[in-house]
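In order, the protein sequence lines correspond to chains A and L.
At the far end of the first sequence sits residue 461, using my numbering, and the numbering has no gaps.
At the far end of the second sequence sits residue 358, using my numbering, and the numbering has no gaps.
Working notes, structure below.
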Amino acid sequence: MLQTAKKTIQIEIKRQDPEINNGESYNQIYDVEVEDWFTVLDALIKIREEIDGTLSLRCACRASICGSCAMRVNGQAKLVCKTKLSVVEKNNKILVEPVGNMPVISDLVADFKPFWDKFNAVEPYLKPEGEVPEGEYLAPNEDMVHLVGVMNCIMCGACVSDCTVLEVKDNFLGPAALAKSYRFIADPRDGSQFERLQNLEKDGGIWDCTRCMQCVEVCPKDVDPMERIMSIRSKSIENKIDKNYGARHAKSFTDLIKNNGILNEVLLILRTKGLFNIIELAKLLPIAIGAQLAGKRPPFLSHSSKNKNQIKKIFKKLEDK
Amino acid sequence: MKFAFFPGCVSRGACPELYTSTVKISEILGIELDEKALESASCTGAGVLQEKNQLLGDTLNARNIALAEKQNLPILTICSTCQGVMSQAEYRLENEEYRAQINETLADEGLEYTGKTPTRHILWIIVEEIGEKKFKSLVKRQLDGLRLAPFYGCYLVRPSKALKFYEKPERETCLEDLTEWVGATVVDFPGKTACCGFPIVTINEKASLKMVGNHTSTAKDLGAAAMVTPCPLCHLNLDQYQDRAAWMMEREIDLPIIHVPQLVGLALGLDPEELKINKHVISTKKLLTEISLKP
Chain A
141 MLQTAKKTIQ IEIKRQDPEI NNGESYNQIY DVEVEDWFTV LDALIKIREE
191 IDGTLSLRCA CRASICGSCA MRVNGQAKLV CKTKLSVVEK NNKILVEPVG
241 NMPVISDLVA DFKPFWDKFN AVEPYLKPEG EVPEGEYLAP NEDMVHLVGV
291 MNCIMCGACV SDCTVLEVKD NFLGPAALAK SYRFIADPRD GSQFERLQNL
341 EKDGGIWDCT RCMQCVEVCP KDVDPMERIM SIRSKSIENK IDKNYGARHA
391 KSFTDLIKNN GILNEVLLIL RTKGLFNIIE LAKLLPIAIG AQLAGKRPPF
441 LSHSSKNKNQ IKKIFKKLED K
Chain L
64 MKFAFFPGCV SRGACPELYT STVKISEILG IELDEKALES ASCTGAGVLQ
114 EKNQLLGDTL NARNIALAEK QNLPILTICS TCQGVMSQAE YRLENEEYRA
164 QINETLADEG LEYTGKTPTR HILWIIVEEI GEKKFKSLVK RQLDGLRLAP
214 FYGCYLVRPS KALKFYEKPE RETCLEDLTE WVGATVVDFP GKTACCGFPI
264 VTINEKASLK MVGNHTSTAK DLGAAAMVTP CPLCHLNLDQ YQDRAAWMME
314 REIDLPIIHV PQLVGLALGL DPEELKINKH VISTKKLLTE ISLKP
């Protein structure tokens with residue numbers, strides 16, 4: 141018989157019940173005897189079945205396919221069925237909390253309504269144009285292969301849980317919905333690319349992302365949501381949907397590096413906001429004065445690379461690739 | 064230890080105090096900085112260029128690293144964003160085919176990227192190369208009792224694969240470790256690895272200010288006397304926009320944000336003036352008084 145090692149782990153769980161503690165969250169600690177092959181989910185199920193039947197949690201497939209068991213383990217979103225206890229425990233302790241950026245229904249079960257609302261807002265279905273073909277809508281294999289990664293999304297909400305923008309801005313569509321949107325924008329059979337891009341330019345869309353890479357780090361399926369958001373930005377600029385600060389910032393940044401090799405922060409701000417955008421520039425004036433008074437004086441004509449020509453040459457060769 | 068110094072754009076622009084303090088501490092730590100080796104280098108692209116064109120961004124970074132390699136020097140960075148973007152490029156360049164494609168462009172200038180010596184942030188060099196024992200032997204001013212909140216920001220913690228956390232787990236706690244080595248007490252808070260808001264400050268100032276306000280006020284309420292960061296972009300947002308964030312939150316924050324080399328410099332006994340620690344928007348006077356009381 142297979143011999144396995146047992147030990148006791150202290151599992152601290154953030155709990156919340158509308159009928160207990162006035163609905164306020166509280167942490168409860170369980171000492172659980174676990175086998176060395178246990179996942180975090182195995183331990184949680186053991187608590188529910190053997191120690192405390194009142195613990196609420198959501199799970200189904202136990203094989204990282206269904207996406208229902210995303211939770212925060214030691215502060216980071218994970219699929220608990222895919223997470224070995226031995227990898228995450230520190231000094232025989234772990235902390236399990238519900239996913240972030242979504243309201244809690246009970247204990248480790250969150251209300252995914254905001255997640256689905258945003259998902260639906262990007263119209264996550266094919267909107268083909270032209271005549272309806274007799275058979276299927278066909279697409280060349282090579283046009284679809286690069287979408288395999290994004291199609292791996294199991295909608296577990298891990299990326300949304302840990303998105304740093306959603307912590308401060310409720311209307312941000314978020315990494316999951318935007319990655320799904322990319323899946324259709326980049327699909328050669330879809331006919332509404334321009335309209336989709338126009339919608340995503342608005343407040344709450346692609347330009348809200350800070351590129352903090354949390355979604356890349358926590359995604360259990362390597363969907364790389366942030367890279368998809370960057371791809372949408374790039375397509376947006378290509379389609380001349382660029383009359384917004386985000387696109388202007390990206391374009392000005394690129395131009396400054398192309399021409400000078402290194403960045404001039406003052407010019408970057410002026411070009412992003414627009415030289416004649418008096419109101420916005422006036423708002424920045426106190427910040428600039430504060431910095432000047434503190435002795436932070438970025439040179440207006442900043443340093444440049446000693447070999448600007450070579451950098452320009454590389455830009456010329458690769459900028460359209 | 065000799066390095067090709069990659070100061071990045073910001074330490075030569077809006078954060079000159081970072082450049083000065085780095086040079087000062089390097090002399091004491093035995094880090095020789097070649098300031099001329101990368102004079103013809105370019106900006107890393109800071110992730111912005113990579114949004115539009117990853118190949119172009121990676122080629123520029125491979126070129127910067129190849130310029131250092133040509134002089135047999137590894138690169139030292141002082142900006143988390145520079146470091147993160149370069150580490151990401153190095154990670155992708157591990158692919159032979161991709162490396163060959165990029166080297167084809169670099170050959171035009173007689174350069175070749177090999178990636179033999181990875182680029183490192185000065186914080187990593189202090190923790191990994193100099194190490195606790197030697198570093199502590201150089202400390203002249205113990206900052207005992209000083210309560211400091213470490214703030215990593217994004218690029219020195221994610222993506223962990225590209226930053227090689229699996230090979231070098233000490234990178235996960237290097238800022239807390241250094242804080243303890245100088246005698247200070249770590250004020251831990253969950254926002255330490257979150258975004259500072261800088262990338263969207265010109266695009267969506269309100270959201271950016273909320274990030275600044277949340278991080279600085281949380282650290283302040285936990286009793287921090289200052290925040291320390293390895294990223295000048297985080298510093299800029301958390302320092303320059305802090306008053307505005309405090310105004311938005313209708314509360315006082317007043318938390319000085321210092322650069323890692325400034326913290327190290329204080330511990331090494333350097334004069335605050337030499338470290339240009341007074342060149343911040345949020346005054347460091349109270350912080351300095353606290354330190355001079357416990358020299």
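Note that the Cβ used here is the ideal one computed from N, Cα and C, for glycine as well.
For A/Leu235, the enclosing beta strand (DSSP E) begins and ends at 233-237. With respect to the 8 Å criterion, L/Ala282 and L/Leu329 are not classified as neighbours on the basis of their beta carbons. Residue state for A/Phe259 is assigned as helix, using DSSP reduced to three classes. Annotated as proximal: A/Asn292 and A/Lys361, with beta-carbon spacing under 8 Å. Secondary structure at A/Met242: coil, using DSSP grouped into helix, strand and coil. The criterion of a C-beta distance shorter than 8 Å is not satisfied by L/Gln151 and L/Ala257.
From the listed residues A/Leu408, A/Asp310, A/Asp364, the smallest Cα separation to A/Gly345 is found for A/Asp310.
Residue burial annotation: L/Gly108 is buried, with at least 16 other C-beta atoms found within 10 angstroms of its C-beta. Considering only L/Glu313, L/Val327, L/Asp306, L/Glu192, the residue with the shortest C-alpha distance to L/Val344 is L/Asp306.
Counted as a single uninterrupted DSSP element, the beta strand (DSSP E) harbouring L/Asp97 occupies residues 95-97. Separation of L/Glu159 and A/Gln450 (C-alpha to C-alpha, rounded to the nearest whole angstrom) is 24 Å. With respect to the C-alpha of A/Cys299, the residue from A/Met242, A/Phe334, A/Ser376 having the closest C-alpha is A/Met242. In this structure L/Lys255 is buried. Its beta-carbon is surrounded by 16 or more other beta-carbon atoms within 10 angstroms. Rounded to whole angstroms, L/Ala125 and L/Val249 show a C-alpha spacing of 36 Å. Assignment of alpha helix (DSSP H) within the segment 167-202 of chain A, counting only whole runs of 4 or more residues, yields 180-186 in chain order. Spanning the alpha carbons of L/Ile165 and A/Ser376 requires a straight line of approximately 26 Å. A/Ala217 places its beta carbon less than 8 Å from that of A/Ala210.
Its Cα nearest to that of A/Glu378, the residue A/Glu341 stands out among A/Glu357, A/Glu341, A/Gln354. In the assembly as shown, A/Lys413 is a buried residue. Its beta-carbon has 16 or more other beta-carbons within 10 Å.
Collapsing the DSSP output to three states places A/Leu408 in a helix. Between the C-alpha atoms of A/Ala316 and A/Leu337 there is a straight-line separation of about 16 Å. For the segment 102-162 of chain L, the continuous alpha helix (DSSP H) assignments of 4+ residues that do not extend past its boundaries occur at 111-115, 117-133, 143-155, in sequence order. Between L/Ala287 and L/Leu211, the gap from beta carbon to beta carbon is short of 8 Å.
Spanning the alpha carbons of A/Cys359 and A/Val308 requires a straight line of approximately 21 Å. Within the DSSP secondary-structure output, L/Ala289 pairs in a beta bridge with L/Leu211. Taking CB atoms only, L/Pro293 has no neighbour in chain A less than 8 Å away. Contact note: L/His343 reaches chain A through Ala434, using a C-beta cutoff of 7 Å and chain order. Residue state for A/His443 is assigned as coil, using DSSP reduced to three classes. Apart from the 5 residues on each side of it in sequence, L/Asp97 sits with its Cβ closer than 8 Å to the Cβ of Lys65, Phe66, Ala67, Phe68, Gln134, Leu136 in its chain, given in chain order.
Within the segment 337-363 of chain A, those residues whose Cβ lies closer than 9 Å to any Cβ of chain L are, in chain order, Asp343, Trp347, Asp348, Cys349, Thr350, Arg351, Cys352, Met353, Gln354, Val356, Glu357. Taking CB atoms only, A/Ser374 has a neighbour in chain L less than 8 Å away.
If you draw a straight line from the Cα of A/Asn281 to the Cα of A/Val290, it comes to about 15 Å. Residue contact with chain A for L/Glu337: absent (no Cβ-Cβ distance below 8 Å to any residue of chain A). In the three-state scheme derived from DSSP, where H, G and I count as helix and E and B as strand, A/Ala217 is classed as strand.
Around the CB of A/Pro268, fewer than 16 other CB atoms lie within 10 Å, so the residue is classed as exposed. Secondary structure remark: continuous beta strand (DSSP E) runs of at least 3 residues inside the segment 253-298 of chain L, in chain order: 289-292.
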